[in-house]
Amino acid sequence: MPVLQHKRLKVKEAQQMPIAKVLREFVREGELYRRIEDNKSQVAKEAGVPEELFANRVECFACGHRCIIFDGLPGVCRVRFNEGGKLYVPWGYVGALNVDPIEKKPFFHAYPGARTLSFGMLGCDLRCPYCQNWQISQVMKDAVSTMLADFTPITPEEFVKMALRYKAKVLTSTYNEPLITSEWAVALFREGKKFGLVGSYVSNGNATPEVLDYIRPVVDLFKIDLKSMREKNYRELGGKLQPVLDTIRWAWERGFWVEVVTLVVPKFNDSEEELRDAARYIASVSPDIPWHVTAFHPDYLMTDRGATPVKTLIRAAEIGYEEGLKFVYAGNLPGMVGPYENTYCPKCHALLIERYGFQVRRYRIVDGKCPDCSEPIPGIWWKDEEVPHYLRQ
218 MPVLQHKRLK VKEAQQMPIA KVLREFVREG ELYRRIEDNK SQVAKEAGVP EELFANRVEC
278 FACGHRCIIF DGLPGVCRVR FNEGGKLYVP WGYVGALNVD PIEKKPFFHA YPGARTLSFG
338 MLGCDLRCPY CQNWQISQVM KDAVSTMLAD FTPITPEEFV KMALRYKAKV LTSTYNEPLI
398 TSEWAVALFR EGKKFGLVGS YVSNGNATPE VLDYIRPVVD LFKIDLKSMR EKNYRELGGK
458 LQPVLDTIRW AWERGFWVEV VTLVVPKFND SEEELRDAAR YIASVSPDIP WHVTAFHPDY
518 LMTDRGATPV KTLIRAAEIG YEEGLKFVYA GNLPGMVGPY ENTYCPKCHA LLIERYGFQV
578 RRYRIVDGKC PDCSEPIPGI WWKDEEVPHY LRQ
């Protein structure tokens, strides 16, 4: 897949303004917030601070932190900020832009073999020490990330024209956390929907019911990271476990096509007990949800341990099946995990989709069903007349 060549606007050079000031030019008033109109005098008195500090506060609903943001300050993500009692949000740019196979997201049960135009913005509501996209996700939290940051101004119309030019079926908000830039993603996806393009999120899952309802009309595919089943681990990443567990259930109940990913990190979340807890929880929401267990490699601030062993990843996949999941995949180790790259019919066990890494080698699903036993296969599949020529046998 090509990496798109596009003109970038550098935002951190010696002769330029600080990035925080530059980004203030690429915002608009958001929709996912409410002003807090409580008794400021009483609240101020209880807090022991001047009353005026409590004026113009807003509550942001973009992520599970539900930040109460004071006038003149940003939220945890550093890119949504309160000015004069209004919440301003990122708008009108991309910080990363590529054409990817949809399997890279990973979505294995949605338009196999499709291209997706993937974009990211700047900022994140978490601070994962192993983040592969830290150059954009940790802007204004990490000094090096802030120094390296750049972005490209773009309009929804330009973005969608690019997707059509590269024959992308899907538009994906990814790389940084899409929830915190939902207003911009919705604008892009609305434009894409006019041309039959599908919207998708690759998210850490730290959502709220409000943001899920907001994006649902234009987002069909929702990948959620379940990074751990331990509250202590989530605290280390700057989040909480329960909002992510809730998001998996909320998203599924709202009709998103959900796939869950757990990056298996040695000495962090790789115990059999924790992996079993994760699989059991996903199965309790629906055994039809695909679970991807993927291999860690040292990155960013976490270089004190080696990559995930193949045997650990295979055992994680086995655990998923033992706990009742119908579709479990082992990722990031192409050709090394046996059958765990492929999709099989849960009824007759026929091979339905053969993969090698992100490449689809064989596609046998017909009208969303197994061609051998007619078992419906959960997912969002190509209509027969839409199947790309390179997938036809």
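Quick note, my numbering runs 217 ahead of the 1-based positions in the sequence shown. Virtual Cβ for every residue (Gly too), placed ideally from N, Cα, C. All figures in this text were calculated on a predicted structure; none of them were measured in a lab.
Closest Cα partner of residue i within the set the options
| i | options | result |
| --- | --- | --- |
| Leu270 | Pro504, Gly289, Glu448 and His326 | Gly289 |
| Cys348 | His606, Phe368, Leu492 and Val482 | Val482 |
| Phe544 | Leu550, Ala500 and Ile582 | Ala500 |
| Arg407 | Tyr431, Thr391, Val419 and Glu394 | Tyr431 |
| Leu334 | Asn315, Ala567 and Gly340 | Asn315 |
| Asp442 | Ser420, Arg297 and Asp463 | Ser420 |
| Gly302 | Gly537, Phe278 and Ile253 | Ile253 |
| Leu414 | Tyr498, Pro434 and Pro563 | Pro434 |
| Ala524 | Phe513, Ala567 and Ala534 | Phe513 |
| Leu608 | Pro329, Glu375 and Leu339 | Pro329 |
Proximity below 8 Å, CB of residue i to CB of residue j
| i | j | result |
| --- | --- | --- |
| Pro370 | Gly309 | yes |
| Ser417 | Thr398 | no |
| Phe439 | Ala404 | no |
| Lys586 | Pro593 | yes |
| Arg295 | Lys358 | yes |
| Ile531 | Gly555 | yes |
| Arg581 | Pro588 | yes |
| Leu343 | Glu400 | no |
| Asn450 | Phe473 | no |
| Val502 | Ile465 | yes |
| Asp487 | Thr520 | no |
| Glu470 | Leu458 | no |
Buried versus exposed, by CB contacts within 10 Å (16 or more), residue i
| i | result |
| --- | --- |
| Asp584 | exposed |
| Pro267 | exposed |
| Lys600 | exposed |
| Arg572 | buried |
| Cys565 | exposed |
| Leu240 | buried |
| Val275 | buried |
| Arg245 | exposed |
| Ser445 | buried |
| His509 | buried |
Beta-carbon separation (whole angstroms), residue i vs residue j, contact threshold 8 Å
| i | j | result |
| --- | --- | --- |
| Glu624 | Pro323 | The chain is shown only over 218 to 610; residue 624 falls outside these bounds and no answer can be derived. |
| Leu480 | Thr511 | 5 Å |
| Val461 | Gly422 | 4 Å |
| Ile353 | Gly312 | 4 Å |
| Gly281 | Ala424 | 6 Å |
| Val428 | Leu249 | 6 Å |
| Thr372 | Gly337 | Actually they are not in contact, since the Cβ atoms of Thr372 and Gly337 sit about 17 Å apart, beyond 8 Å. |
Residues near residue i by beta carbon distance below 6 Å, same chain, minus five either side
| i | result |
| --- | --- |
| His326 | Pro507 and Gly596 |
| Glu320 | Phe575 |
| Trp598 | Ile582 and Gly585 |
Proximity test, residue i beta-carbon vs the ligand NAP heavy atom, cut-off 7 Å
| i | result |
| --- | --- |
| Met357 | In the structure shown, the ligand NAP is absent, as is every other ligand, since no ligand is present at all. |
Beta-carbon contacts of residue i that lie in its chain and below 7 Å, excluding the five residues immediately before and after
| i | result |
| --- | --- |
| Ala331 | Ile319, Lys386 and Val387 |
| Phe412 | Val377 and Leu381 |
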